[in-house]
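Peer 1: Below is the structure I would like to discuss, written out as structure tokens.
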Amino acid sequence: MTQTTTHTTWLKKTGAKVQTADGIAIAVYELNVDHTDGPALTMWAKHFREHYCLDAQIDRLRKGTRKSRAQYLTDLVFPDKLDDFGPATRSGDFAEILICDLLESQLGFWTPRTRYDDKLVRNESPKGTDVLGFKFGRVGPSKPSKKDTLISFESKAQLSGKKAKARLQDAVNDSAKDVYRISESLNAMKRRLIARADDEGADRVERFQDGIEVPYLRMSGAAAIFCSSVYDSDQISKTDCTGHENVDNLMLVVVHSATLMAFVHTLYERAANEA
1309 MTQTTTHTTW
1319 LKKTGAKVQT
1329 ADGIAIAVYE
1339 LNVDHTDGPA
1349 LTMWAKHFRE
1359 HYCLDAQIDR
1369 LRKGTRKSRA
1379 QYLTDLVFPD
1389 KLDDFGPATR
1399 SGDFAEILIC
1409 DLLESQLGFW
1419 TPRTRYDDKL
1429 VRNESPKGTD
1439 VLGFKFGRVG
1449 PSKPSKKDTL
1459 ISFESKAQLS
1469 GKKAKARLQD
1479 AVNDSAKDVY
1489 RISESLNAMK
1499 RRLIARADDE
1509 GADRVERFQD
1519 GIEVPYLRMS
1529 GAAAIFCSSV
1539 YDSDQISKTD
1549 CTGHENVDNL
1559 MLVVVHSATL
1569 MAFVHTLYER
1579 AANEA
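Residues in the sequence shown are numbered from 1309 upward in steps of one, following the working numbering.
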């Protein structure tokens, strides 16, 4: 399902020199959305929508509900805009998907998108590691290499508000727990790829289920996504990673963008209405 979309070119590394309290560099990106580029926004909405439900399956899935495509997605699939934990789930899902896009477009990782299309409760985030990315040092799983890399990312979001919260610290703390979740998350990803008849993808994930015969590099990542109104480099620089179990292979990322929560709602609306 992964595809190249224009919106990834709107993610630009700022060059800001920010580091944690213990001296780890933080890569800071700004997302500058071109709200006048209708075709690019439509492509992004499709890319976003198909994380939850493939376009080719919408009509079959909505059959029997008496709902239009937009109604089906809005009422039964996407997190709710207002009720319950819907807004928080929208923030979290958007942040995770954006980090997947960043890892692929900027850093060359393969990030299978299997996390959202079988949600049982739309206003809850799926369990397990937020993001898994893979990179192969050679041709792929048929020739495993010690340069093969698995990265597990935890992301946190603050897309509105007036004062910055310690979201990067929260992500770092959760990232330290990934070592206990990775095996289950890899298994879940592989099962979903097999269910899609994507045996090649399943083989690629399988390479990282057992790193004993040919070890691979295990990296960890923590990301915070902010509305620019609450992006605060001083707050971010208070982050402390000294307790992280994989601190020597830890990647830190911050992304900020203007009026981000409003844009996320607009993206969900476009994704529903253009289905």
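The C-beta atom is built at its ideal place from N, Cα and C for all residues, glycine as well. Computed from a prediction, not measured in an experiment: that's the story for all the values here.
Where does Leu-1467 fall in DSSP's three states?
Peer 2: Numbered from its first residue, the sequence shown carries residue 1467 at position 159. Looking at Leu-1467 - three-state DSSP - the assignment turns out to be coil, as it is neither helix nor strand.
Peer 1: Kindly provide the ranges of any alpha helix (DSSP H) runs that are 4 or more residues long and lie completely inside the segment 1486–1533, ordered along the chain.
Peer 2: Correct list: 1490–1503 and 1507–1514.
Peer 1: What is the residue span of the beta strand (DSSP E) that Gly-1441 lies within?
Peer 2: Translated into the one-based positions of the sequence shown, residue 1441 becomes position 133. That run of the beta strand (DSSP E) goes 1439–1443.
Peer 1: Could you give the distance in angstroms between the alpha-carbon of Lys-1451 and the alpha-carbon of Pro-1395?
Peer 2: Here the question's residue 1451 lines up with position 143 in the sequence shown. Here the question's residue 1395 lines up with position 87 in the sequence shown. Approximately 44 Å, taken between the alpha carbons.
Peer 1: Could you tell me if Ser-1513 is buried or exposed, where buried requires 16 or more neighbouring beta carbons within 10 angstroms of its beta carbon?
Peer 2: Indexing the sequence shown from 1 puts residue 1513 at position 205. For the sequence presented, residue 1513 should be read as Val rather than Ser. Classification for Val-1513: buried.
Peer 1: Please name the residue, chosen from Ala-1474, Trp-1318, Ser-1413 and Asn-1557, that lies closest to Ser-1545 on a Cα-to-Cα basis.
Peer 2: Reading the sequence shown from its first residue, position 237 is the one you call residue 1545. Comparing Cα-Cα distances from Ser-1545 to each of Ala-1474, Trp-1318, Ser-1413 and Asn-1557, the minimum goes to Ala-1474.
Peer 1: Given Thr-1316, which residues of its chain have a CB within under 8 Å of its CB, disregarding the five upstream and five downstream residues?
Peer 2: Position 8 of the sequence shown, counted from the start, is the residue given in the question as residue 1316. Closer than 8 Å at the Cβ level, and outside the excluded window around Thr-1316, lie Asp-1409, Leu-1410, Glu-1412, Ser-1413 and Gln-1414.
Peer 1: Assuming Gly-1441 contacts Thr-1419 under a Cβ cut-off of 8 Å, what Cβ separation, rounded to an integer in Å, is found between them?
Peer 2: Start at 1 with the first residue of the sequence shown, and residue 1441 comes out as number 133. Start at 1 with the first residue of the sequence shown, and residue 1419 comes out as number 111. Contact flag correct, Cβ pair sits at about 5 Å.
Peer 1: Just curious, the alpha helix (DSSP H) that Ser-1483 is in, first and last residue?
Peer 2: Taking the first residue of the sequence shown as 1, we reach residue 1483 at position 175. Here the alpha helix (DSSP H) through Ser-1483 covers 1475–1483.
Peer 1: Would you please verify whether the beta carbon of Arg-1374 is less than 9 Å from any beta carbon of chain C?
Peer 2: No chain C is present in this structure, which holds just one protein chain.
Peer 1: Buried or exposed: Lys-1498, going by 16 or more other Cβ atoms within 10 Å of its Cβ?
Peer 2: Here residue 1498 refers to the residue found at position 190 of the sequence shown. Buried, because 16 or more other Cβ atoms sit within 10 Å of the Cβ of Lys-1498.
Peer 1: To the nearest angstrom, how far is it from the Cα of Ser-1331 to the Cα of Leu-1339?
Peer 2: The sequence position of residue 1331 within the sequence shown is 23, counting from 1. The sequence position of residue 1339 within the sequence shown is 31, counting from 1. Contrary to the premise, residue 1331 reads as Gly rather than Ser in this sequence. Distance between the alpha carbons of Gly-1331 and Leu-1339: 25 Å.
Peer 1: Locate the alpha helix (DSSP H) running through Val-1429, then write down its first and last residues.
Peer 2: Taking the sequence shown and counting its residues from 1, one reaches residue 1429 at position 121. Unbroken run through Val-1429: none, as it is neither H nor E.
Peer 1: Determine the closest residue to Gln-1466 out of Asp-1506, Val-1439, Ala-1531 and Lys-1454, with distance taken between C-alpha atoms.
Peer 2: On the sequence shown, residue 1466 is found 158 positions in, with the first residue counted as 1. Ranking the options by Cα distance to Gln-1466, first place goes to Ala-1531.
Peer 1: If we count Cβ pairs, one from each stretch, closer than 8 Å, do we get three or more for the segment 1346–1365 versus the segment 1424–1433?
Peer 2: Yes, they touch.
Peer 1: If you pair each beta-carbon of the segment 1551–1561 with each one of the segment 1387–1405, do three or more pairs fall below 8 Å?
Peer 2: Taking 8 Å as the limit for Cβ pairs, the verdict is that the segment 1387–1405 does not touch the segment 1551–1561.
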